[in-house]
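Colleague: Protein sequences appear in the order of chains C and X.
Quick note: the first sequence, position 30, residue 30 per our numbering, numbers continuous.
Heads up, our numbering is the position in the second sequence plus 1000, with the first residue counted as 1.
Using N, Cα and C, we set each Cβ at its ideal position, and we do this for glycine too.
Bear in mind the structure is a predicted one, so any value in this text is a computation, not a measurement.
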Amino acid sequence: MNATSIRDLLAAQPVLRDLEPADIDLIAGCGHNEVFPAGAFLTHEDDQANHFFIVREGQVALEMHTSTGPLLIDTIGARNLVGWSWLFPPYRWVFDVAAIQTTHAVVIDAACLRDKCDADTAFGYRVMKRFAQVIVDRLQTTRVRLLDLYGAGNAC
Amino acid sequence: MVPEMPAEAPTIANVTGSRAPAGPMVPARYRVTDHRQDNADTVTISLMPIDDPIDDPQPGQFTMLYAFGVGEVPISVSGCPRHEGVLMHTIRAVGATSRALCRLEPGSVVGVRGPFGVGWDVSSAEGSDVLIVGGGIGLAPLRPVVREVLAARERFGRVALLIGARTPEDLLYAEEVERWRAVPDVHVEVTVDAASRGWNGHVGLVTALLDQLPITPSLTTSFLCGPEVMIRVVARDILEAGSPADHIRVSLERNMHCAVRQCGHCQLGPLFVCADGPVVTWAVAADLLAVRRW
Ligand SMILES: Cc1cc2nc3c(=O)[nH]c(=O)nc-3n(C[C@H](O)[C@H](O)[C@H](O)COP(=O)(O)OP(=O)(O)OC[C@H]3O[C@@H](n4cnc5c(N)ncnc54)[C@H](O)[C@@H]3O)c2cc1C
Ligand code: FES
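1) Kindly say whether Arg126(C), judged by its beta-carbon, lies nearer than 9 Å to any beta-carbon of chain X.
2) Which of helix, strand or coil does DSSP assign to Arg1232(X)?
3) Considering only residues of the segment 1066-1106 of chain X, which uninterrupted alpha helix (DSSP H) runs meet the minimum length of 4 residues and lie entirely inside it, listed in chain order?
4) Hey, would you say the C-beta of Gly1264(X) is under 8 Å away from at least one heavy atom of ligand 2?
5) Taking the alpha-carbon positions, what's the Leu1289(X) to Glu1228(X) distance?
6) In the DSSP assignment, the alpha helix (DSSP H) including Cys1274(X) goes from what residue to what residue?
7) Under a CB-based cut-off of 9 Å, is Thr1063(X) close to chain C?
8) Taking only the alpha-carbon atoms, compute the straight-line gap between Asp1129(X) and Val1188(X) and give it to the nearest angstrom.
9) Mark Tyr125(C) as exposed unless 16 or more other C-beta atoms lie within 10 angstroms of its C-beta, in which case mark it buried.
10) What did DSSP end up calling Val1169(X) once you bin it into helix, strand or coil?
11) Under the three-state reduction of DSSP, which class applies to Tyr125(C): helix, strand or coil?
12) Thinking just about the alpha-carbon of each residue, which of Trp1282(X), Asn1039(X), Met1088(X) and Cys1274(X) is nearest to the one in Ile1054(X)?
13) Who are the near neighbours of Gln1037(X) in its chain, counting only those whose CB is closer than 7 Å to its CB and skipping five residues on each side?
14) Return the first residue and the last residue of the alpha helix (DSSP H) that Phe1197(X) is part of.
15) Check whether the Cβ atoms of Ile1248(X) and Ser1222(X) sit closer than 9 Å, and answer yes or no.
16) Run through DSSP, which three-state label would Gly1136(X) get?
17) Please state whether the Cβ-Cβ distance between Pro1141(X) and Ser1251(X) is less than 9 Å.
18) Looking only at its chain, what residues have a beta carbon closer than 8 Å to the beta carbon of Glu45(C), apart from the 5 residues adjacent to it on each side?
19) By Cβ distance below 7 Å, which residues in the same chain neighbour Arg1143(X) in space, the five residues on each side in sequence not counted?
20) How about Cys1039(X): is its Cβ closer than 8 Å to a heavy atom in ligand 1?
21) Where does Ala132(C) sit, in a helix, a strand or coil, going by DSSP?
22) Which residues, in chain order, does the segment 87-105 of chain C contribute to contact with chain X at a C-beta distance below 7 Å?
23) Chain D partners of Ala1195(X), CB-CB under 8 Å?
24) Would you check if the distance between the CB atom of Pro1270(X) and the CB atom of Gly1060(X) is smaller than 9 Å?
25) How many angstroms separate the CA atom of Ala110(C) from the CA atom of Asn1039(X)?
Laid out in structure tokens, this is it:
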């Protein structure tokens, strides 16, 4: 798949809204399309975070292996971003990421995008702002989940 | 001379037949005809009247269920006699009275007052898209809404049902949810806080799924029930997506005693939740739930 069609795929993703068309072009230049069959791992805990993913179709699970088997921490569906370990050293994944259903994703080369962000800091700022928004949203929903909403003491 | 005793001494449970209309403060006796364990701490009981039955409840209304000798608590109707032939309540055991109600086996007798309060008014959503969001035991008062919408599916636009639970094992009405999922043109999503490998639904907060539902927020009537925090975050997200506040209905919960606007136990700001609620629009609830009052 060429960069133009990757660009079109990315432009259609609400998670990249607010970015300018030229920004999408720059990101698309670091991307390629991939399909992960159900059960396939997109990445493993402690692997180098050389990529991140924009899920176009399907669903992936963030998992962590425990002595009693893998626990699902979060599921992420279509039109969402997966991965921010690529943003900061030591660039290592904290979770396993597995496809629960057949998943179509745009895979972005992290080193390529980091270089572009460093070279054009205004672009880099806009990318970081978009990622910060996603991270804040996830942090806030995670905090609400920490309340154990459906546990005893929250009768209804 | 010792008077001859009747074969069976009259007790609260075995006196049968109707009584004079007794008013809203006197419970009617109902017999438990079915007891179903929904999950570790939640039970659905079906009831048939021994005395004159209470009026047929509307979805969203509640009754005061009296576990004789223990106490009386408000419980929403989870199945209406006109749909199911019996009066159904789904009860989570959290304290003395709800635990006593959850222990009632078929044949036991319970007191029922009601129905009380303002219901969901499902028919007013006809012609619009419908979003139903139930979290935990909050799915119970919404079950009659789902049944009513599915029974007249053609009268509504797109229909989405979003269910939140603690774990897959805590999900209420698991088999029925699968039947709802199989209905064409009804979008059902279940998300839990924690799960192990093998769970095919979602993990995360219900809000994470809102933007994936096939509804148009500005044309949607929403019905929300669950923990108050869940109601607040979902209502705000739907509002932000363009749904008018008076198209978002939420079910409120406050401690109740009389259920007939007499004792004041259920007051929330200017509302008597037993009579002005439990279902109100977000236009009414937003400020009341946002303010920390104590
Ligand atoms: C309109 C309305 C409809 C309701 N519908 C249902 C229903 O369909 N199914 C159901 O299981 N419950 C429902 N409830 C909640 C139910 O009434 C309470 O769980 C019950 O009153 C608890 O009484 P108890 O004597 O068992 O426990 P208590 O001894 O009174 O309380 C035990 C523990 O539960 C907590 N608790 C009590 N009530 C509530 C509450 N309302 N919300 C959060 N925490 C609470 C207390 O803080 C305490 O920690 C409804 C409440 C209202 C107001
Ligand atoms: S419960 Fe008594 S006034 Fe509402």
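Modeller: In short, the structure shows the following:
1) Taking the first residue of the first sequence as position 1, residue 126(C) is located at position 126. It does not: the Cβ of Arg126(C) has no partner Cβ on chain X nearer than 9 Å.
2) In the second sequence, residue 1232(X) corresponds to position 232, counting from 1. Looking at Arg1232(X) - three-state DSSP - the assignment turns out to be helix.
3) 1081-1084 and 1096-1102
4) For the purposes of this step, residue 1264(X) is taken as residue 264 along the second sequence, with counting starting at 1. At least one heavy atom of ligand 2 is nearer than 8 Å to the Cβ of Gly1264(X), so yes.
5) Position 289 of the second sequence, counted from the start, is the residue given in the question as residue 1289(X). Position 228 of the second sequence, counted from the start, is the residue given in the question as residue 1228(X). Rounded to the nearest angstrom, the two C-alpha atoms are 8 Å apart.
6) Residue numbering aside, residue 1274(X) sits at position 274 when the second sequence is read from its first letter. Per DSSP, Cys1274(X) belongs to the alpha helix (DSSP H) from Val1273 to Asp1276.
7) As a first step, residue 1063(X) is located in the second sequence; it is residue number 63 there, counting from the start. Judged by the 9 Å Cβ criterion, Thr1063(X) is not in contact with chain C.
8) Looking up residue 1129(X) in the second sequence gives position 129. Looking up residue 1188(X) in the second sequence gives position 188. Taking the straight line joining both Cα atoms gives about 14 Å.
9) Here residue 125(C) corresponds to residue number 125 of the first sequence, with the count starting at 1. Under this definition Tyr125(C) is an exposed residue.
10) Counting from 1 along the second sequence, the entry for residue 1169(X) is found at position 169. Checking the sequence shown, residue 1169(X) turns out to be Glu, not Val. Looking at Glu1169(X) - three-state DSSP - the assignment turns out to be helix.
11) As a working note, residue 125(C) is residue 125 in the first sequence. Correct three-state label for Tyr125(C): helix.
12) The count along the second sequence starts at 1 and reaches residue 1054(X) at position 54. Checked all of Trp1282(X), Asn1039(X), Met1088(X) and Cys1274(X); the closest Cα to Ile1054(X) is Met1088(X).
13) The count along the second sequence starts at 1 and reaches residue 1037(X) at position 37. Closer than 7 Å at Cβ, skipping near neighbours: Val1043.
14) Start at 1 with the first residue of the second sequence, and residue 1197(X) comes out as number 197. It is Arg, not Phe, that sits at residue 1197(X) in the sequence shown. Taken as a continuous stretch (DSSP letters only), Arg1197(X) belongs to no alpha helix (DSSP H), as it is neither H nor E.
15) Your numbering for residue 1248(X) matches position 248 in the second sequence. Your numbering for residue 1222(X) matches position 222 in the second sequence. Going by C-beta atoms, Ile1248(X) is nearer than 9 Å to Ser1222(X).
16) Position 136 of the second sequence, counted from the start, is the residue given in the question as residue 1136(X). The answer is helix: DSSP assigns Gly1136(X) an H, G or I state.
17) As a position in the second sequence, residue 1141(X) is number 141, starting the count at 1. As a position in the second sequence, residue 1251(X) is number 251, starting the count at 1. Yes, Cβ-Cβ distance for Pro1141(X) and Ser1251(X) is below 9 Å.
18) Your numbering for residue 45(C) matches position 45 in the first sequence. Closer than 8 Å at the Cβ level, and outside the excluded window around Glu45(C), lie Met64, His65, Trp93, Val94, Phe95 and Asp96.
19) Here residue 1143(X) corresponds to residue number 143 of the second sequence, with the count starting at 1. Excluding positions up to five away in sequence, the list reads Ser1078, Gly1079 and Tyr1173.
20) As a working mapping, residue 1039(X) is identified with position 39 in the second sequence. Note on identity: in this sequence residue 1039(X) is Asn, with Cys being the wrong assignment. Checking the Cβ of Asn1039(X) against ligand 1 gives no.
21) Looking up residue 132(C) in the first sequence gives position 132. Three-state DSSP puts Ala132(C) in a helix.
22) Ile100
23) Absent from the structure: chain D. Protein chains present are C and X.
24) Here the question's residue 1270(X) lines up with position 270 in the second sequence. Here the question's residue 1060(X) lines up with position 60 in the second sequence. Result no, Cβ atoms of Pro1270(X) and Gly1060(X) do not sit closer than 9 Å.
25) Position 110 of the first sequence, counted from the first residue, corresponds to residue 110(C). Position 39 of the second sequence, counted from the first residue, corresponds to residue 1039(X). Using only the alpha carbons, I get a separation of about 45 Å.
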